[in-house]
Amino acid sequence: MPTSHSVAAALADVQARIAAAAIAAGRAPGEVTLAAVSKQQPDDRIDAALKSGCRLFAENRVQEARARWTGRRAAHPDLRLRLIGPLQTNKVADAVAVFDAIETLDRHRLARALAEEFARLGAARTLLVQVNTGAEPQKSGVAPDAADSFIASARRDYGLPVDGLMCIPPQAADPAPHFRMLASIAARNGLAQLSMGMSHDFEIAVRCGATIVRVGSAIFGAR
Ligand SMILES: *Cc1c(COP(=O)(O)O)cnc(C)c1O
Numbered sequence: 010m011p012t013s014h015s016v017a018a019a020l021a022d023v024q025a026r027i028a029a030a031a032i033a034a035g036r037a038p039g040e041v042t043l044a045a046v047s048k049q050q051p052d053d054r055i056d057a058a059l060k061s062g063c064r065l066f067a068e069n070r071v072q073e074a075r076a077r078w079t080g081r082r083a084a085h086p087d088l089r090l091r092l093i094g095p096l097q098t099n100k101v102a103d104a105v106a107v108f109d110a111i112e113t114l115d116r117h118r119l120a121r122a123l124a125e126e127f128a129r130l131g132a133a134r135t136l137l138v139q140v141n142t143g144a145e146p147q148k149s150g151v152a153p154d155a156a157d158s159f160i161a162s163a164r165r166d167y168g169l170p171v172d173g174l175m176c177i178p179p180q181a182a183d184p185a186p187h188f189r190m191l192a193s194i195a196a197r198n199g200l201a202q203l204s205m206g207m208s209h210d211f212e213i214a215v216r217c218g219a220t221i222v223r224v225g226s227a228i229f230g231a232r
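Take the sequence shown: its position 37, counting from 1, is numbered 46 in our numbering, and each next residue is one higher.
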């Protein structure tokens, strides 16, 4: 079990590696934001990351995130949370209450439900479309060849403020072609946020244009 100290050290190490990868790619380190993936991690590790100054976290389950973060949010008003797991339409109101950004928009029913919730609140959230770059049947996300029309429809038919794209490349594959595909879909749709790269491949993602990397086990240790 990592101690508080080792979470702090690992966090600093990941931040340094992100900055080095950005500089090596001719990018400014400030162009890449680290989201610490805290799903399934014990409280002491999360509190160690908070103590080290980390203020952006990502979770894949709505209920788990609400239980974990409601109190910590009150103590840290500058905290921001991103949803990176699949979202069911019946959990949309809870998700919008808990998260500042939702990275997993991938179907029309969900687009409609989010639009209705934003209208009810009179406020939107940062929204990313998940693209299933590997066209894996078991994985969430819009098919790559349907991405342009889905993004257009989310904007036009539902009035949603699409801010960017997210992907999870197939496990065994070279991630670079997937990251480049996501970057090119974003570029031709005028989308600024590119959420890609995890513990094992975030430096490659930074080289391919990631603006947000989602890193869990490299910071917190194994889940
Ligand atoms: C769990 C998870 C991550 C973090 O994975 P690590 O390998 O622990 O860095 C990133 N993105 C998504 C969508 C995840 O579910």
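All C-beta atoms, glycine included, are put in the ideal place defined by N, C-alpha and C.
The Cβ atoms of residue 111 and residue 130 lie no closer than 8 Å to each other. Taken from the Cβ of residue 207, at least one heavy atom of ligand 1 lies inside 7 Å. In the three-state DSSP reduction, residue 149 falls in the coil class, being neither helix nor strand.
Per DSSP, reduced to three states, the secondary structure at residue 175 is strand. Here the alpha carbon of residue 178 sits roughly 8 Å from the alpha carbon of residue 188.
Counting every other CB atom within 10 Å of its CB across the protein chains shown gives residue 52 a total below 16, marking it as exposed. Rounded to whole angstroms, residue 98 and residue 114 show a C-alpha spacing of 11 Å. Under a 10 Å Cβ-count criterion, residue 228 is classified as buried, with 16 or more other Cβ atoms of the shown protein chains found around its own Cβ. Counting along the chain, residue 81 sits inside the alpha helix (DSSP H) bounded by residues 71 to 84. Look at the beta carbons and you see the region 195 to 205 touching the region 163 to 177: at least three pairs across the two are nearer than 8 Å.
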